[in-house]
Amino acid sequence: MPLLEPKPEALRPGAARSASHDRVLDGRAAGTPEPLRGELTALLGPEKVLWKVSDLVKYASDASPYRFVPQVVVVPEDIDDISAILSYAHGKGREVVFRAAGTSLNGQAQGEDILVDVRHHWTGIEVLDDGAQARIRPGTTVMRANATLARYGRLLGPDPASAIACTIGGVVANNASGMTAGTTRNSYRTVSSLTFVLPSGTVVDTADPAADELLAHAEPRLCEELLALKAEIEADAELTARIRAKYEIKNTNGYRLDAFLDGTTPVQILRGLMVGSEGTFGFISEVVFDTLPLDRKVSSALLFFPSLTAAAAAVPRFNEAGAIAVELMDGNTLRASVSVQGVPADWAELPKETAALLVEFRAPDEPGQEAYERAAAAAVKGLDLVAPVASVTNEFTRETKAISGYWKARKAFVTAVGGSRPSGTTLITEDFAVPPSQLADACESLLRLQAEHGFDAAVAGHAAHGNLHFLLAFDAAKPSDVDRYAAFMDDFCRLTVERFDGSLKAEHATGRNIAPFLELEWGPKATELMWRTKQVIDPDGVLAPRIVLDRDPKAHLRGLKTIPEVELIADPCIECGFCEPTCPSEDLTTTPRQRIVLRREMMRQPNGSPVETELLDAYGYDAVDTCAGDSTCKLACPVGIDTGAMMKDFRHQRHSPREERIAALTAKNFKAVEASARLAVAAADRIGDRLLETVTGLARKAVRPDLVPEWLPEIPGAAARKLPRTSRVGASAVYYPACVNRIFGGPDGHRGPSLPQAVVAVSARAGKPVWIPEDVAGTCCATIWHSKGYDEGNVVMANRIVEAAWGWTAGGRLPLVVDASSCTLGIAHEVVPYLTDENRELHRELSIVDSLVWAADELLPELTILRKTGSAVLHPTCSMQHLGDVDQLRAVAEACAEEVVVPDDAGCCAFAGDRGMLHKELTASATAKEAAEVNSREYDAYLSANRMCEIGMDRATGREYHSVLMELERATRP
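Every letter in the sequence shown is one number past the one before it in our numbering, and letter 856, counting from 1, is 860.
What follows is the structure, encoded as structure tokens:
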């Protein structure tokens, strides 16, 4: 064991705890039992079998209120693996559940036996017919698919609010729709073809002209029985009419029985049945969608009403006017949305009775937009609108930022409201539909029912389609609360079915919590047909039992998860998973959601239990060490949960007092440390990469991998010892070269000025000279200490840089231009909590400007571009995302290159200062998709604006990245 290996005990929860009734029991501490583990390892290989108890726990939770711990998690790479898993399950009498993003709200991504992760290894999109169609793999997120399709002026029909995280496989398997899809743009209507694996292992490609012939040969009984069911349904006129009527409004409860009416052959029937089958009929390995036009002329309004029923009553007006979306939000939703960045703070003061409609029109051209706006104006006339707070305008706008803010508030419904629920409570998200003409009546009845059962729920929904969502919070650890929820569900389901003939699940699919009420909605005849269909396709019941179909009348009360209190920063988490696609360690160890899920399980355990011990042993590397600390999870989370900050705090908790003192000493003597580092880098050029890799590798084994960086061949040579000479007289700004640019030079192949020289030169050319203070050596943005959780060192350097910057800028009279985006973020924001009260006042007077913003806003308008490179690919860093200056990166690049590309898979490189040297596997995993996209073609320039991120991308792609400001200097050089 390395000398300074941190002790897992340091992260043991300190609060007094009693064992929770739903904790993982001691007998499962060893993880997957034998012979299951050994047999699957032999079948698939050890890298595809996750067996530790920490693996099982982190997959036990999803966005739903349920929690089931699997026996094992497997990670297949291809259809052969899927077939092997299904064959094994058949032979051993085991059960299989598929899980992709885990954003489903009804527990359909959870299993109690073999759980199959089909998010990893299953991504990719191929655009067909100039965008008219798209072939998409099931692990691809909706947002990622639409990013590619947008280049062709197209998009997918389904548009769920969870598009940032939910995957195509889940969207199709649940027939998820969203804000605009309704009954005409959902998966059932826009899927052209599917490739899927049946429970038997048979692979079906519905686009293959010979598909029915092949299926008949492989599965003759299946084909015969599907056609027999079709004939039986069509012979029953009353049942046929009932089926057609059920799908006139949104409905995802049960199986798509209309597939028997719409399909004429077994393959066509199966294509329809697979949509909305929730993984109970097979595995969808590929989807071909018919895409829709992306109408870019958008007009939107957020209209406020005195009550929910008044808002609902106005919906038909906007439907008739041609609105593509009419979204309803009640007062609870609007007030909770203030936790979402960009939402007006005065919404917190809205009266509880207030409601709002988000109305949107989209047109392909200006005349169409103007026509819609006239129709919208006519629809608004006579409405009883209110403006209870100053930010309310009740006006239509074309302004992109305002429209984006409206949608951000709407899409945050589940997470924002859920994040504001009482600590320790479980969140239930219900989803139902009624005929749109009865929406106002349904809203009134729902509010009355909630009050009767003591719930103060939040309501929102796709009002244009009569589809409402509401949230309930209760404590699953209290039997009385569970009983109250159960009574409410009984009454709610009867109300929806018996009074409104509605759908108990409009778009979230049946899952576990509506399965007991399936027959209430569909009646015994149709429900029995669903059971028979399941028996025909999956006669051994291998796939997802108890999801969709369950005869237990209390099935929806089984497996309800408790939500133990954890660290304050993470406690609001509802485990929605929106954070996961942005996380650099997503494909390596754990995601932000999983870090919180694991922590909650520790809180369920009695102190010192075998399960807690195993979780703590794994948590150090899986959660803490391999967190890049980039906090992009905070940007993706609608309520701004910063799991990266929590991991930094855990790093701090693991430090010994001696380590903290040493870190503080390096901060106090950073001038010498900086000089030594530059000399060491210079010496490395003469020593050679292989020897340095060997020496640092041995040191890491002897000391601790998380303390000693590994030498990487991509590390550039040393920066010049002296910075460019500048003058304070006449300077337009103070230029602060980050310490990383004072230690490391540019790419080895770069011929031209260094970054500091380039910034000085290009600023002078624009008539806005900058001054570099003579005493910048020994100062730093403090990120070195902040990222590692060294609080004492962070305090030393944070206060030093602010005091120095205040003096350099003459008390904030000049802007401070910083040439590394992560350092800009550090000085502008991250140092603040560590400042003294006096220095916090000084910090408020500073104007800290990222070099990208300086170049785009101040220099470009004054510069003449003399030459351009042909093509450039950009790497926007996570710090740029936090600072909001990705547009400036693009603007500067577009001034320097004829073609500028931001990869669709661009994300945090996870180099994170030196973390890519401490855990190079983290950067390798984080950059894999972006690197593959970058290397799919040649570019003339590879650009970013942060030296360590550039080194990380150099390593990932084999290319040489450099600062876009160096490219700007070249483009404007006389």
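No residue lacks a Cβ here, since even glycine has one placed at the ideal position from N, Cα and C.
As assigned by DSSP and simplified to three states, the class of residue i
{"i": "Asn471", "result": "strand"}
{"i": "Val120", "result": "strand"}
{"i": "Met147", "result": "helix"}
{"i": "Asp435", "result": "strand"}
{"i": "Met333", "result": "strand"}
{"i": "Leu55", "result": "The sequence given here places Trp at residue 55; Leu does not occur at that position. DSSP places Trp55 in coil when its eight states are reduced to three."}
{"i": "Ile129", "result": "strand"}
{"i": "Leu969", "result": "helix"}
{"i": "Phe915", "result": "coil"}
{"i": "Ala340", "result": "helix"}
{"i": "Met5", "result": "The pLDDT assigned to Met5 is 38, lower than 50, so where the model puts this residue is not dependable; a value taken from the coordinates is nonetheless given after this. Correct three-state label for Met5: coil."}
N- and C-terminal bounds of the beta strand (DSSP E) containing residue i
{"i": "Gln137", "result": "137-140"}
{"i": "Ala464", "result": "462-466"}
{"i": "Tyr838", "result": "Careful: Tyr838 lies outside any beta strand (DSSP E) and carries neither H nor E."}
{"i": "Ala359", "result": "359-367"}
Beta-carbon spacing of residue i, residue j below 9 angstroms
{"i": "Pro12", "j": "Leu159", "result": "no"}
{"i": "Pro203", "j": "His94", "result": "yes"}
{"i": "Asn471", "j": "Ala437", "result": "yes"}
{"i": "Asp460", "j": "Asn336", "result": "yes"}
{"i": "Asp334", "j": "Ala416", "result": "no"}
{"i": "Glu942", "j": "Pro907", "result": "no"}
{"i": "Glu364", "j": "Val302", "result": "yes"}
{"i": "Thr828", "j": "Ser767", "result": "no"}
{"i": "Ala742", "j": "Cys785", "result": "yes"}
{"i": "Asn798", "j": "Tyr838", "result": "yes"}
Alpha carbon of residue i to alpha carbon of residue j, nearest angstrom
{"i": "Glu778", "j": "Arg977", "result": "26 angstroms"}
{"i": "Asn745", "j": "His966", "result": "12 angstroms"}
{"i": "Ala667", "j": "Glu807", "result": "20 angstroms"}
{"i": "Val938", "j": "Pro717", "result": "20 angstroms"}
{"i": "Ala64", "j": "Val53", "result": "16 angstroms"}
{"i": "Leu387", "j": "Asn323", "result": "15 angstroms"}
{"i": "Met278", "j": "Ser613", "result": "43 angstroms"}
{"i": "Glu99", "j": "Pro549", "result": "7 angstroms"}
{"i": "Gln980", "j": "His25", "result": "What is shown of the chain runs 5 to 978, which leaves residue 980 out entirely."}
{"i": "Tyr251", "j": "Leu947", "result": "51 angstroms"}
{"i": "Thr199", "j": "Arg871", "result": "49 angstroms"}
{"i": "Met147", "j": "Leu863", "result": "34 angstroms"}
{"i": "Arg597", "j": "Leu233", "result": "43 angstroms"}
{"i": "Glu331", "j": "Ala676", "result": "60 angstroms"}
{"i": "Ala167", "j": "Arg725", "result": "49 angstroms"}
{"i": "His124", "j": "Ala104", "result": "8 angstroms"}
{"i": "Asp554", "j": "Val570", "result": "34 angstroms"}
{"i": "Ile247", "j": "Trp55", "result": "44 angstroms"}
{"i": "Arg919", "j": "Asp82", "result": "32 angstroms"}
{"i": "Met651", "j": "Lys356", "result": "37 angstroms"}
{"i": "Val342", "j": "Tyr489", "result": "27 angstroms"}
{"i": "Gln345", "j": "Glu38", "result": "48 angstroms"}
{"i": "Ile2", "j": "Asp369", "result": "Any answer about residue 2 is impossible in this case: the structure gives the chain only from 5 up to 978."}
Residue i Cβ short of 8 angstroms to the ligand GTP heavy atom set
{"i": "Val615", "result": "This structure does not include the ligand GTP; it has no bound ligands of any sort."}
Selection from the options that minimises the alpha carbon distance to residue i
{"i": "Gly545", "options": "Lys96, Leu47, Ile86", "result": "Lys96"}
{"i": "Leu253", "options": "Thr187, Ile288, Gln657, Leu230", "result": "Here residue 253 is Ile; the residue named in the question, Leu, does not match the sequence. Out of Thr187, Ile288, Gln657, Leu230, Thr187 has the C-alpha closest to the C-alpha of Ile253."}
{"i": "Leu533", "options": "Arg260, Leu40, Val175, Thr783", "result": "Arg260"}
{"i": "Pro642", "options": "Arg817, Glu434, Glu584, Asn611", "result": "Glu584"}
{"i": "Ala824", "options": "Arg275, Val877, Leu893", "result": "Leu893"}
{"i": "Asp958", "options": "Glu842, Arg604, Pro720", "result": "Pro720"}
{"i": "Ala949", "options": "Val896, Ala490, Ala138", "result": "Val896"}
{"i": "Ala627", "options": "Leu47, Pro17, Ile541, Lys62", "result": "Lys62"}
{"i": "Asp861", "options": "Val821, Glu849, Glu845", "result": "Val821"}
{"i": "Thr636", "options": "Thr881, Gly920, Tyr70, Gly793", "result": "Thr881"}
{"i": "Gly422", "options": "Val319, Ile432, Ile869", "result": "Ile432"}
{"i": "Ala33", "options": "Arg844, Val615, Asp494, Ser589", "result": "Val615"}
{"i": "Asp980", "options": "Lys672, Glu902, Ser791", "result": "The structure shown does not extend to residue 980, since the chain is modelled only from 5 to 978, so the question has no answer here."}
Bounding residues of the alpha helix (DSSP H) (the contiguous stretch that carries residue i)
{"i": "Tyr489", "result": "483-498"}
{"i": "His886", "result": "882-887"}
{"i": "Arg662", "result": "661-672"}
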